[in-house]
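Residue numbers (this note's numbering): 1156 to 1334.
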């Protein structure tokens, strides 16, 4: 729902040596073999006061959330705090309250499979797999990102950034309501 990736990439670019700016990419943010200086720069960016609360809203995620609410789903936010940014938990709550004051239910957890629901909207395959393990008939809507574009599961549908598959998402949500 929030543009974490675009924001942190932009912040990395702002703090780079100009000759390195074209090399800033997702492996700097999500790569497993990042050097210590990249991990530390990411931590410094994410621990800035207000960084999480000011993340821009992703239009595609917002549209899908609004569609789910219109279909009769109860909206519960299950969001994981960033382990290296203690301010993330509080600021994520601020962000949700700002953009979605009508939905008061917020779970701050790294154990998203503990949140009951018929549909999970998440972009991280680790959380998706854990949730589907305990919700084998559940549906996952995945905001399409570079790091999850190859993720496949029969109960998962990517959300296209241009919402070109909104009809498919709506049909899947209606079907999930019947389960």
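Glycine is no exception: its CB is placed at the ideal position from the N, C-alpha and C atoms.
Within the region 1241-1288, the alpha helix (DSSP H) runs of at least 4 residues that lie entirely inside it are, in chain order, 1242-1254. Boundaries of the beta strand (DSSP E) around residue 1295: 1294-1298. Ranked by Cα distance from residue 1160, the options 1323, 1325, 1213 and 1260 are led by 1213.
Close CB contacts of residue 1327 within its chain, under the 7 Å cut and outside five residues either way in sequence, are with 1294 and 1312 (chain order).
Residues 1157, 1158, 1161 and 1162 of the same chain have their beta carbon placed closer than 8 Å to that of residue 1211, with the five preceding and five following residues left out of the count. Under DSSP, residue 1313 forms a beta bridge with 1297. Collapsing the DSSP output to three states places residue 1238 in coil.
Closest by C-alpha distance to residue 1206, out of 1332, 1241, 1287 and 1286, is 1241. A distance below 6 Å between beta-carbons, with the five flanking residues on each side excluded, links residue 1306 to the following residues of its chain, in chain order: 1280. Among the bridge pairs identified by DSSP, residue 1212 is matched with 1157. With contacts defined by Cβ atoms closer than 7 Å, residue 1292 and residue 1334 form a contacting pair.
In this structure residue 1220 is in contact with residue 1230, their Cβ atoms being roughly 7 Å apart against a cut-off of 8 Å. Excluding residues up to 5 positions away in sequence, 1200 lie with their Cβ nearer than 6 Å to the Cβ of residue 1166 in the same chain. Here the alpha carbon of residue 1196 sits roughly 34 Å from the alpha carbon of residue 1288.
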